[in-house]
Amino acid sequence: KAGVTQTPRYLIKTRGQQVTLSCSPISGHRSVSWYQQTPGQGLQFLFEYFSETQRNKGNFPGRFSGRQFSNSRSEMNVSTLELGDSALYLCASSKTGTATYNEQFFGPGTRLTVL
Amino acid sequence: KNEVEQSPQNLTAQEEEFITINCSYSVGISALHWLQQHPGGGIVSLFMLSSGKKKHGRLIATINIQEKHSSLHITASHPRDSAVYICAVAASNTDKLIFGTGTRLQVFP
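In structure tokens form, the structure reads like this:
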């Protein structure tokens, strides 16, 4: 069974641009969560989607948004990029229910650099 | 003060040593996760627990809900155990995961 895949793996953008990251969960998994990891703040929860609905959202500005498609694939978008958005963005999927109560399977991450 | 605190921040051990990593939290939780992150970023979920103790191979995780504390033990450590170990709690009032800052473990042969 293929694992969680994320594309692209590396991305370089400039301030003010926008970016879209993609995540394909393990086949049969319906919950997808997104996390941001930076050296200063560590891992932080961004949002969680289940059956195309956003179940939960972390404390990030409205520039960060996401969606989930009917095949459970998910995208996150960051508009008007800032230097501080440089981070490793991780996606994780779980079979059912919520990410907080289920084992999560993480993708390799997308490393975003904002210049 | 962070809601999830891990100790130690860094840990160096010789192969075969018994290792303990601690996690304390200040919020009410419904579950606690232990994660392992290798250099390069890949994260693996090790345990999810809400009470008692779980064991998987050489890894043991315990939780004391009353004391708001969890420990991750590694028996007979091996250089391949070198990684960052992250504790995350599922806050019961928000249903969101809150992460500790991680413990960097290096095991030398």
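Taken in sequence, the protein lines are chains P and G.
Per the numbering used here, the very first residue in the first sequence carries number 1; after that it's consecutive.
Per the numbering used here, the very first residue in the second sequence carries number 116; after that it's consecutive.
The beta carbon of each residue, even a glycine, is placed where N, CA and C say it ideally should be.
Asked	Found
Just checking, does the segment 80-96 of chain P make contact with the segment 119-127 of chain G on the three C-beta pairs under 8 Å criterion?	no
Run down chain P in chain order and give the residues with a C-beta less than 9 Å from the C-beta of I201 of chain G.	G42, L43
Quick one: list the residues of chain P neighbouring D210 of chain G, beta-carbon separation under 7 Å, in chain order.	N56, T98, T100
Which class does R67 of chain P belong to by DSSP, given the choice of helix, strand or coil?	strand
With 8 Å as the limit, tell me which residues of the segment 81-94 of chain P have their beta carbon closer than that to any beta carbon of chain G; keep them in chain order.	L88, L90, A92
Should S192 of chain G and I136 of chain G be called a contact, given that it needs their Cβ atoms to be closer than 7 Å?	no
Using DSSP with H/G/I as helix, E/B as strand and the rest coil, what is L187 of chain G?	strand
Can you tell which of P:L115, P:T113, P:V114, P:E103 has the C-alpha that lies nearest to the C-alpha of Q151 of chain G?	P:E103
When you compare the CB of A176 of chain G with every CB in chain P, is at least one pair closer than 7 Å?	no
What does a CB cutoff of less than 7 Å around G109 of chain P pick up in its chain, not counting 5 residues either side in sequence?	Q6, L88, Y89, L90
Measure the Cβ-Cβ separation of Y10 of chain P and R111 of chain P and say whether it is below 7 Å.	yes
Between G217 of chain G and the rest of its own chain, which residues show a CB-CB distance below 6 Å, the 5 nearest in sequence each way excluded?	V199, I201
If the cut is a Cβ gap below 9 Å, which residues of chain P does A205 of chain G touch?	T98, A99, T100, Y101
Between S160 of chain G and chain P, is there a C-beta pair that is closer than 7 Å?	yes
Using a beta-carbon distance below 7 Å, is P108 of chain P in contact with chain G?	yes
List the residues of chain A that Q104 of chain P touches, going by C-beta distances under 7 Å, in chain order.	The structure shown has no chain A; the protein chains it does contain are P and G.
If we ignore side chains and look at the alpha-carbon of each, how far apart do S70 of chain P and G215 of chain G end up?	33 Å
Please confirm whether any heavy atom of the ligand NAP lies closer than 6 Å to the CB of Q17 of chain P.	This structure simply doesn't include the ligand NAP, nor any ligand for that matter.
Kindly confirm or deny that the segment 14-26 of chain P and the segment 35-46 of chain P touch, where touching means at least three C-beta pairs closer than 8 Å.	no
For L43 of chain P, count the other beta carbons within 10 Å of its own beta carbon; 16 or more makes it buried, fewer makes it exposed. Which is it?	buried
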